[in-house]
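K.L.:
Keeping their order, the protein sequence lines are chains A and B.
Using this note's numbering, the first residue of the first sequence is number 5, and each one after it goes up by one.
Using this note's numbering, the first residue of the second sequence is number 332, and each one after it goes up by one.
Glycine included, C-beta positions come from ideal geometry on N, C-alpha and C.
Quick one: structure below, then a few questions.
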Amino acid sequence: MTRMETNLNRVIISGICTSIVISSFGVVVLALQPETVTDLTLVPAQLFSGIKMGNPLAIMNFGIILLIISPVMWLLTVLVSFVGERDRNYIVLSIFVLLMLISSSVIITHL
Amino acid sequence: MDFLALCVIFLFSILAGIIVSMLGIGAGVMLVPFLTFVIGVPIKVAIATSLVDAITVSATASSAYIKERKTNVRLALWFAATSTVGGTTGALIALRMDRTLLSEIFAIALIVTAYFMIMRRKKVPSVKLYDNDADPFKLNSSYYDDEIKQKVNYRVKHPLLGFVGGFLSGNAAGLLGVGGGIVNVPVMNLFMNVPVKVATTTSAFIIGITAATSAAIYYSYGYIHPLLAVTVLEGIFLGAIIGPKVQGRLKSEALNTGFAVVLVVVAFLIVAKLFG
Numbered sequence: 005m006t007r008m009e010t011n012l013n014r015v016i017i018s019g020i021c022t023s024i025v026i027s028s029f030g031v032v033v034l035a036l037q038p039e040t041v042t043d044l045t046l047v048p049a050q051l052f053s054g055i056k057m058g059n060p061l062a063i064m065n066f067g068i069i070l071l072i073i074s075p076v077m078w079l080l081t082v083l084v085s086f087v088g089e090r091d092r093n094y095i096v097l098s099i100f101v102l103l104m105l106i107s108s109s110v111i112i113t114h115l
Numbered sequence: 332m333d334f335l336a337l338c339v340i341f342l343f344s345i346l347a348g349i350i351v352s353m354l355g356i357g358a359g360v361m362l363v364p365f366l367t368f369v370i371g372v373p374i375k376v377a378i379a380t381s382l383v384d385a386i387t388v389s390a391t392a393s394s395a396y397i398k399e400r401k402t403n404v405r406l407a408l409w410f411a412a413t414s415t416v417g418g419t420t421g422a423l424i425a426l427r428m429d430r431t432l433l434s435e436i437f438a439i440a441l442i443v444t445a446y447f448m449i450m451r452r453k454k455v456p457s458v459k460l461y462d463n464d465a466d467p468f469k470l471n472s473s474y475y476d477d478e479i480k481q482k483v484n485y486r487v488k489h490p491l492l493g494f495v496g497g498f499l500s501g502n503a504a505g506l507l508g509v510g511g512g513i514v515n516v517p518v519m520n521l522f523m524n525v526p527v528k529v530a531t532t533t534s535a536f537i538i539g540i541t542a543a544t545s546a547a548i549y550y551s552y553g554y555i556h557p558l559l560a561v562t563v564l565e566g567i568f569l570g571a572i573i574g575p576k577v578q579g580r581l582k583s584e585a586l587n588t589g590f591a592v593v594l595v596v597v598a599f600l601i602v603a604k605l606f607g
C-alpha cells in the first residue's frame, strides 16, 4: 500500500468503528431505560444536552452524525497526501470535492 | 417498532451488507423495498436510512479494497467532484416529491439496475504500463486479480466522463437512496476502460462520499430515525465485513445475474402493490 492508502485505510476504519461503538452504546442504554425514548431526530442543542444526560436517543444520533461526517475526514486525508506529493491537479480536485461536500450540507440546512 | 421487527430488520441488513459490498452497489436497492413494503416504513425514511447505511457499506468495503489496492482513489475523485452536487439535487427533489411517484421511479431504477447487471461486462485485458505513458492525471494503475491469479494493469481513458457519471450517480443516490453503483460501474467499465473489479471497488468508495451529502440533507429534515438507522447500520456493518472476504472466491457473473432477477421481481411487486 502507498502512504496515502495506508493513512486513508486507518481513517476509514477509525471513523466507522467510532460511530458503531457510540451507536451501539446508545442501544445498550436504550435497553436499560426503554421508557425514555421516542424515535425522532434531535436538533443539535437537544443532542448535546441529551448526551450529557445519558439520553440513548441522543447517543445514537451522535453516532449517526459521526458516520455522516466521516467522508469529510477521508477527503482531508487524501488532500494531505496530495499536498505531501505536491500533486497540484489532485490538490485542487480534493479541495473542490471537500468544499462541495461541506457546502451542500451547510447551505441546504439554511434553505 | 417492536423488538421482533427490529430483529428481522437486523438479520435482513446482514444479508444486504454481504450482497451489496460484493457487487459495489448501494444498499438501497435491497433496503428501501424491504423497509417500505415489508416492514411498512415511509419511503422517505427508508431512503434516508439506506443512505446512512450506504456510508457504512462504503467505509467497510473500501477499507478492505484499499488494502488490496483495488480502489483507484484518484479516479474516485473525478466522480466525487460532481456526485456531491448530484446528491444534493436528488435529495431536494425527493423531499418535495409525492410518495407514489417516488415508488414508481424506484421500481424503474431497480429494472435499470438489473439491466446493467445482466448486460455483458466489457473485459479489459491487462496491458504493459511504461514510465513514458501519456498519463497526465496519474490514473493508470494495476491490481491483483484473485480469480485469474495474476496482476492486471489498466489504462484509464476519457477521465472527463467521470464528471458526467458522478453527477448522474449522485442524483440516483439522493433521489432514491440506491447509491451510485448503477451508473458508476457501467461508465467506468464500458467507456473509461476500467476493469469491472476496480470499477466496483472504486464505486464503493465514491458511494460513501455521495451518500454523506444526501444523508446530511435528510437528517436536517428529520427523516433519519436513530433506532431504525442504528439497527440497519449494525447489520450492514457485519455483512459488509463478510462480503469482501468472499468476493474473490465467487463467480461474479453468476452472482450478478441471480441478483438482477431478484431486482426485477421486486420491481414488479412494487408496481403491483401501487396499482392494487
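By the criterion of Cβ-Cβ separation under 9 Å, what are the contact partners of B:E565 in chain A?
P.N.:
Ordered by position in chain A, the residues that pass the 9 Å Cβ test against B:E565 are I24, S27, S28, V31.
K.L.:
Under 8 Å, with one C-beta from each stretch per pair, do the region 62–82 of chain A and the region 8–28 of chain A reach the 3-pair mark?
P.N.:
Contact holds: three or more Cβ-Cβ distances are below 8 Å.
K.L.:
Counting C-beta neighbours from all protein chains within 10 Å, is the total for B:N471 16 or more, i.e. buried, or is it exposed?
P.N.:
buried
K.L.:
Determine whether the beta carbon atoms of B:T413 and B:A535 lie at a separation below 9 Å.
P.N.:
It is not a contact, given that the beta carbons lie outside the stated cut-off.
K.L.:
Just to confirm, are B:S394 and B:G508 a CB contact at a threshold of 9 Å?
P.N.:
no
K.L.:
Is it right to say A:N93 is buried, meaning 16 or more other beta carbons lie within 10 angstroms of its own, or is it exposed?
P.N.:
Exposed.
K.L.:
Relative to the C-alpha of B:G348, which residue among B:T367, B:A379, B:T391 is closest?
P.N.:
B:T391
K.L.:
I'd like to know if B:I386 contacts chain A, where contact means its C-beta is closer than 9 Å to some C-beta of that chain.
P.N.:
yes
K.L.:
In chain order, which continuous runs of the beta strand (DSSP E) of length 3 or greater are located wholly inside the region 337–385 of chain B?
P.N.:
none
K.L.:
Helix, strand or coil for A:V76, going by three-state DSSP, please let me know.
P.N.:
In this structure, A:V76 counts as helix in the three-state DSSP scheme.
K.L.:
So which residues of chain A does B:T380 contact, with C-beta pairs closer than 8 Å?
P.N.:
Per Cβ cutoff of 8 Å: no residues; B:T380 is ~10 Å from chain A at best.
K.L.:
Quick one: Cα of A:E9 to Cα of B:K454, how far?
P.N.:
26 Å
K.L.:
Under 9 Å, Cβ to Cβ, is there at least one residue of chain B near A:V84?
P.N.:
Residue contact check for A:V84 against chain B: no CB pair falls below 9 Å.
K.L.:
Counting only beta-carbon separations shorter than 9 Å, does A:V87 have a partner in chain B?
P.N.:
no
K.L.:
For a cutoff of 9 Å on Cβ pairs, would you count A:I17 as touching chain B?
P.N.:
yes
K.L.:
Tell me where the beta strand (DSSP E) around B:N484 begins and ends.
P.N.:
In the DSSP annotation of this structure, the continuous segment of the beta strand (DSSP E) that includes B:N484 starts and ends at 481–485.
K.L.:
For A:V82, I'd like the list of residues in its chain whose CB is within less than 7 Å of its CB, leaving aside the five on either flank, ordered along the chain.
P.N.:
M8, L12, S98
K.L.:
Show which residues of chain B have a CB atom less than 8 Å away from the CB atom of A:M8.
P.N.:
V404
K.L.:
Below 8 Å on the Cβ atoms is my contact criterion, and I expect A:M104 with B:V416 to pass it. Report the Cβ-Cβ distance as a whole number of Å.
P.N.:
Yes, they are in contact, since the Cβ atoms of A:M104 and B:V416 sit about 6 Å apart, within 8 Å.
K.L.:
What do you reckon, are the CB atoms on B:I397 and A:L79 nearer than 9 Å?
P.N.:
no
K.L.:
Hey, does A:M57 have any beta-carbon neighbour from chain B nearer than 9 Å?
P.N.:
Output row for A:M57: interface = no.
K.L.:
What residues match up with B:S473 in a beta bridge as DSSP calls it?
P.N.:
B:N484
K.L.:
Could you confirm whether any beta carbon from chain A is found closer than 9 Å to the beta carbon of B:L408?
P.N.:
Yes, its Cβ sits closer than 9 Å to a Cβ of chain A.
K.L.:
By the three-class DSSP mapping on this structure, what secondary structure does A:M5 have?
P.N.:
coil
K.L.:
By the 10 Å Cβ neighbour count, where 16 or more other Cβ atoms means buried, how is B:H489 classified, buried or exposed?
P.N.:
exposed
K.L.:
Counting C-beta neighbours from all protein chains within 10 Å, is the total for A:M5 16 or more, i.e. buried, or is it exposed?
P.N.:
Answer is exposed; the Cβ neighbour count stays below 16.
K.L.:
Which class does B:I439 belong to by DSSP, given the choice of helix, strand or coil?
P.N.:
helix
K.L.:
Less than 6 Å between C-beta atoms, sequence neighbours within five positions excluded: which residues of the same chain meet that for B:Y554?
P.N.:
K375, V376, A379
K.L.:
Please report whether the beta-carbon of A:L80 lies at a distance below 9 Å from any beta-carbon of chain B.
P.N.:
no
K.L.:
Just the Cα atoms here: how many angstroms apart are B:N520 and B:I442?
P.N.:
20 Å
K.L.:
Determine, using beta carbons only, whether A:S53 comes closer than 9 Å to chain B.
P.N.:
no
K.L.:
With DSSP run on the structure shown, which of helix, strand or coil describes A:N59?
P.N.:
coil
K.L.:
If I measure Cβ to Cβ from B:V360 and keep anything under 7 Å in the same chain, skipping five residues before and after, which residues do I get?
P.N.:
L441, T444, V509, L594
K.L.:
Closer than 8 Å by beta-carbon distance: list the chain B residues that pair up with A:I4, in chain order.
P.N.:
Nothing in the structure corresponds to residue 4 of chain A, since chain A is present only between 5 and 115.
K.L.:
Consider the Cβ of A:L12: report whether some Cβ of chain B lies at a distance smaller than 9 Å.
P.N.:
yes
K.L.:
With DSSP as the reference, label A:S33 as helix, strand or coil.
P.N.:
The sequence given here places Val at residue 33 of chain A; Ser does not occur at that position. Here DSSP, grouped into helix, strand and coil, assigns A:V33 to helix.
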